[in-house]
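Structure record follows, encoded as structure tokens.
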Amino acid sequence: MANPIVNPATSMIPEIDREKCTGCGICVKACPGKCIYLDSEDIAVIDIDYCENCGICAWERPHLCPEEAIKLPWDKWQRF
Ligand code: SF4
Ligand code: SF4
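In structure tokens:
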């Protein structure tokens, strides 16, 4: 049986590079699920329990994050 077609953008939770994040808050405002917040060090964090996998915060054309700190973890994605 053929593998089902899986849209990576709807099956991966983005990751934030803490070294790159400047705490600008753009992703916090853009997240439709309201699940990105700035932690006590003003670094963006995703609450994975509420992430809707929409992929907006990790958009790359153009990058939503001016520091290009948010990426989909393509290296961990596997077809199933
Ligand atoms: S948009 Fe980028 S730099 Fe701004 S808070 Fe989010 S992860 Fe940090
Ligand atoms: S993928 Fe969508 S719901 Fe999840 S943190 Fe990013 S913007 Fe929010």
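Read left to right, the sequence shown gives residues 106 to 185 (our numbering).
Backbone N, C-alpha and C fix where the C-beta goes; we use that ideal spot for every residue, glycine too.
Fair warning: this is a prediction, and the values are worked out from it, not measured in the lab.
Three-way DSSP call (helix, strand, coil) for residue i in this model
i, result
"A163", "helix"
"A174", "coil"
"I141", "strand"
Nearest-angstrom Cα separation, counted from residue j out to residue i
i, j, result
"E146", "D154", "21 Å"
"I151", "K134", "12 Å"
"K125", "E172", "6 Å"
"I161", "G128", "17 Å"
Residue i and residue j closer than 7 Å at C-beta
i, j, result
"I121", "A163", "no"
"C156", "C132", "no"
"L55", "M117", "With the chain covering 106 to 185 only, the question about residue 55 has no answer from this structure."
For residue i: DSSP bridge partner residues
i, result
"I121", "I175"
"A149", "L143"
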